[in-house]
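>
Residue numbers (the UniProt record's numbering): 1 to 265.
1. Report the option in 205, 238, 59 whose CA atom is closest to the CA atom of residue 45.
2. Check whether the segment 239-252 and the segment 197-214 are in contact - that is, three or more C-beta pairs closer than 8 angstroms.
3. The beta strand (DSSP E) spanning residue 300 covers which residue range?
4. Assign residue 259 to buried or exposed, taking buried as 16 or more other Cβ atoms, counted over all protein chains shown, within 10 Å of its Cβ.
5. So, is residue 175 buried or exposed, given that buried needs 16 or more other C-beta atoms within 10 angstroms?
6. Please work out which residues of its chain come closer than 8 angstroms, Cβ to Cβ, to residue 199, disregarding the five sequence neighbours upstream and downstream, and give them in chain order.
7. Ordered along the chain, which non-local residues of its own chain (more than five positions away) have a Cβ less than 8 angstroms from that of residue 69?
8. Residue 121 and residue 138: beta carbons closer than 8 angstroms?
9. For residue 65, does the three-state DSSP call read helix, strand or coil?
10. Leaving out five residues before and five after residue 264 in sequence, what residues of the same chain have Cβ atoms less than 8 angstroms from its Cβ?
11. Could you give the distance in angstroms between the alpha-carbon of residue 207 and the alpha-carbon of residue 135?
12. Quick one: residues in its chain with C-beta nearer than 7 angstroms to the C-beta of residue 256, no 5 flanking neighbours on either side, listed in chain order?
13. Starting from the C-beta of residue 186, find all residues in its chain whose C-beta is less than 8 angstroms away, skip the five residues before and the five after it, and write them out in chain order.
14. What number of angstroms, rounded off, separates the C-alpha of residue 36 from the C-alpha of residue 82?
15. In angstroms, rounded to a whole number, what distance separates the CA positions of residue 144 and residue 117?
16. Taking the C-alpha atoms as reference points, what is the distance between residue 49 and residue 87?
17. Can you give me the Cβ contacts of residue 67 inside the same chain, cut-off strictly under 8 angstroms, excluding the 5 residues immediately before and after it?
18. Give me the residue from 129, 43, 217, 166 with the minimum Cα distance to residue 182.
19. DSSP three-state label for residue 123, please.
20. Can the beta-carbon of residue 72 be found closer than 8 angstroms to that of residue 40?
21. Does residue 79 have its Cβ less than 8 angstroms from a Cβ in chain C?
22. Using CA coordinates, which residue listed in 228, 51, 47 is at the minimum distance from residue 62?
23. Rounded to the nearest angstrom, how far is the Cβ of residue 190 from that of residue 196, given a contact under 8 angstroms?
24. Take the Cβ of residue 228 as the centre, count every other Cβ of all protein chains shown within 10 Å, and call the residue buried at 16 or more, exposed below.
25. Around the Cβ of residue 43, are there at least 16 other Cβ atoms within 10 angstroms (buried) or fewer (exposed)?
26. Starting from residue 56, follow its DSSP beta bridges and name the residues at the other end.
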């Protein structure tokens with residue numbers, strides 16, 4: 001009898017540990033967590049991503065997080081709450097910072113475009129060597145021809161000489177500083193020394209150029225720069241010979257510095 005009971009116990013143990021018994025047990029289901037979807041923002045403009053993770057959405061009207069455990073249904077439920085409705089009504093009449101800056105940027109853009117038009121027209125007149133007098137009548141003509149343009153309506157060209165002075169002064173700032181320094185060094189070298197001026201005349205005669213004085217580059221009248229540079233170019237050969245002779249003595253440091261600038265390309 002004991003042997004029979006023992007065999008039954010063994011059989012029962014064997015049945016419990018069999019593969020069929022283990023597979024028959026139900027495995028627990030894993031809970032699915034709904035994640036935020038960017039497409040929801042197209043239907044709900046008040047919605048954006050939350051900083052608390054993908055399981056939340058952020059309501060821009062209520063300024064709060066919304067848990068989206070059940071997906072889009074949680075968002076729809078929040079949308080019809082009294083809190084959300086009141087928040088949306090209060091924000092309708094308010095201007096956002098972005099819209100305020102956009103309006104200001106539009107005004108600034110029109111103003112900048114008008115300034116650009118002034119610079120382009122001034123450059124066109126200078127490039128084609130047109131008489132400055134036409135600028136006294138051109139703005140009125142542009143307003144008449146381009147009556148549908150906002151830029152032509154605010155186009156103002158005041159003193160033409162002053163406008164061209166500003167343009168040319170800014171353009172001269174783009175020139176290498178060595179050019180103006182060289183012109184000033186040459187003028188200062190001869191301006192206070194009649195002896196040096198007389199010595200230069202000998203080299204000018206040798207180079208077959210007119211014995212003229214060096215010009216001073218004015219800091220306020222940009223028109224004088226052209227005549228200064230032209231004078232230096234016509235006297236370039238005579239100046240090179242003169243300062244080569246002076247620099248050979250190795251005592252005149254000013255002459256050596258000017259010669260160094262002369263020899264630069």
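Backbone N, C-alpha and C define an ideal beta-carbon position, used for all residues, glycine too. Because the structure is a prediction, the values reported are computed rather than measured.
Taking the definition as stated:
1. 59
2. yes
3. Past the edges of the chain, shown from 1 to 265, lies residue 300, and the structure says nothing about it.
4. buried
5. exposed
6. 242
7. 33, 34, 55
8. yes
9. strand
10. 178
11. 44 angstroms
12. 247
13. 214, 232, 239, 258
14. 24 angstroms
15. 16 angstroms
16. 18 angstroms
17. 55, 56, 74
18. 217
19. helix
20. yes
21. Protein chains in the displayed structure number just one, and chain C is not present.
22. 47
23. 5 angstroms
24. buried
25. exposed
26. 67
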